[in-house]
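Novice:
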Amino acid sequence: MLVSILALLVSAGCVGARIDISWPAVGTVDIDGSTRVLVAYKDRVDAIDPVNGSAVRLLNSDGEVRTDAEGNPRLWQIDSTDAQGAQYFSLPTWADEETLLFPTYSNSIVPVNVPTASVDGTTLALPGQVIAPMIQGDNLLYVPIRSEGVIAIDPTTADVAWRIGSTRVGVGAWAQPLLNDGVLYVPLFDHYFHAVDAETGEDVWEPINLEGGIVSTPLLYE
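For the sequence shown, the numbering used here gives the first residue as 30, with consecutive numbering after it.
(1) Are there 16 or more other CB atoms within 10 angstroms of the CB of SER40, so buried, or fewer, so exposed?
(2) Between ALA202 and VAL212, which are expected to be in contact by the criterion C-beta below 8 angstroms, what is the C-beta distance as a whole number of angstroms?
(3) For GLY114, which residues from the same chain have a beta carbon less than 8 angstroms from its beta carbon, with the 5 sequence-adjacent residues on both sides left out?
(4) Quick test of the definition: if touching needs 3 or more C-beta pairs under 8 angstroms, does the region 93 to 113 touch the region 162 to 170?
(5) When every heavy atom of the ligand ADP is checked, does at least one fall within less than 7 angstroms of the C-beta of VAL85?
(6) Taking SER137 as part of the beta strand (DSSP E), name the residues at either end of that continuous run.
(7) Determine the direct distance from the alpha carbon of ASN238 to that of TRP105, and round the result to whole angstroms.
(8) Taking ALA146 as the reference, give the member of VAL80, GLU240, ASN89 with the closest Cα.
(9) Where in the region 158 to 190 do unbroken runs of the beta strand (DSSP E), each at least 3 residues long, occur, reported from the N-terminal end onward?
(10) Please go through the region 192 to 219 and give each complete alpha helix (DSSP H) segment of 4 or more residues, from N-terminal end onward.
(11) What are the residues that DSSP puts in a beta bridge with SER147?
(12) Are there 16 or more other CB atoms within 10 angstroms of the CB of ALA224, so buried, or fewer, so exposed?
(13) Within this structure, are the beta carbons of THR196 and ASP232 separated by less than 8 angstroms?
(14) Which same chain residues end up closer than 8 angstroms to ALA46 when comparing Cβ atoms and leaving out the 5 residues on each side of it in sequence?
(15) Could you have a look at GLY78 and say whether DSSP puts it in helix, strand or coil?
(16) I'd like the list of long-range same chain contacts for SER109, defined as Cβ closer than 8 angstroms, with 5 residues on each side in sequence excluded.
(17) To the nearest angstrom, how far is it from the Cα of PRO236 to the Cα of GLY194?
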């Protein structure tokens, strides 16, 4: 069996820090039994009806639209006031059937209850900013840190089990790792591509210098 890993590279030009700038992350999520479009952008997250583009309304247990104190429909929306000024660049990861974990550019993971569109639980502190999606393993959550590398953490406490550091100061992970058969494939913007044991972080092979910053999740071809 031939297994190949493909990765998208970019030239290694310097990228300076930017303030008050983001880019949208778009995906889908099931809310109240229906597939919705989820848009995470800058300081807010919105759920959109894919049929007509309208904002998704929150429903109660009887399927009725929830309203605020003034009788206005409550919408599925998370903003910075709900999560200590968090800024979003990437899509979330499921923690359980009702909870999404949103990594932020504000050095944190924000737990969001999907049925109520509310921050539910303790916001977990991270050692750096996140601009790419996390990935959930059997016991660990793998988090790409923009300026450092990838860390494997306990998903409930954020305690770090192990980490893969960058060879360049301030240049870390800009893409989501790939998890397959107990191996975590880690693309870093410092040009190096790693394959490690997902539980221990030990190298499966020596890191490969691809001579370009990696900005996308690797593809597994069998």
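C-beta: ideal position from N, C-alpha, C; glycine also. Note that this is a predicted model, so its numbers are computed, not measured.
Specialist: Let me lay it out:
(1) Position 11 of the sequence shown holds residue 40. Since pLDDT at SER40 reaches only 42, below the 50 mark, its modelled position is unreliable, and no value is offered.
(2) In the sequence shown, residue 202 corresponds to position 173, counting from 1. In the sequence shown, residue 212 corresponds to position 183, counting from 1. That belief does not hold up - the Cβ atoms of ALA202 and VAL212 are roughly 17 angstroms apart, past 8 angstroms.
(3) Residue mapping note: residue 114 aligns to position 85 of the sequence shown, counting from 1. So the list reads ASP72, SER135, once near-sequence residues are dropped.
(4) no
(5) No copy of the ligand ADP appears in this structure; indeed no ligand is present at all.
(6) As a working note, residue 137 is residue 108 in the sequence shown. For SER137, the uninterrupted beta strand (DSSP E) run begins and ends at 137 to 142, by DSSP.
(7) Locating residue 105 in the sequence shown gives position 76, where the first residue counts as 1. Locating residue 238 in the sequence shown gives position 209, where the first residue counts as 1. Using only the alpha carbons, I get a separation of about 43 angstroms.
(8) For the purposes of this step, residue 146 is identified with residue 117 of the sequence shown, where counting begins at 1. Of the listed residues, the one whose Cα sits closest to ALA146 is ASN89.
(9) 170 to 174, 178 to 182
(10) none
(11) The residue labelled residue 147 in the question sits at position 118 within the sequence shown. Note: SER147 sits in a beta bridge opposite ASN142.
(12) For the purposes of this step, residue 224 is taken as residue 195 along the sequence shown, with counting starting at 1. Under this definition ALA224 is a buried residue.
(13) Within the sequence shown, residue 196 is the residue found at index 167, counting from 1. Within the sequence shown, residue 232 is the residue found at index 203, counting from 1. No.
(14) As a position in the sequence shown, residue 46 is number 17, starting the count at 1. In this predicted model, ALA46 has a pLDDT of only 44, less than 50, meaning its place in the structure is not dependable; the value taken from the coordinates is given anyway. So the list is empty, once near-sequence residues are dropped.
(15) Position 49 of the sequence shown holds residue 78. The amino acid occupying residue 78 in the given sequence is Asp; Gly does not appear at that position. It is coil, neither helix nor strand.
(16) Sequence index remark: in the sequence shown, residue 109 carries index 80 (1-based). Its chain contains ASP72, ARG73, ALA115, GLN116 as the residues whose beta carbon lies nearer than 8 angstroms to that of SER109, once the 5 sequence neighbours on both sides are disregarded; these appear in chain order.
(17) Locating residue 236 in the sequence shown gives position 207, where the first residue counts as 1. Locating residue 194 in the sequence shown gives position 165, where the first residue counts as 1. Roughly 11 angstroms between the two C-alpha positions.
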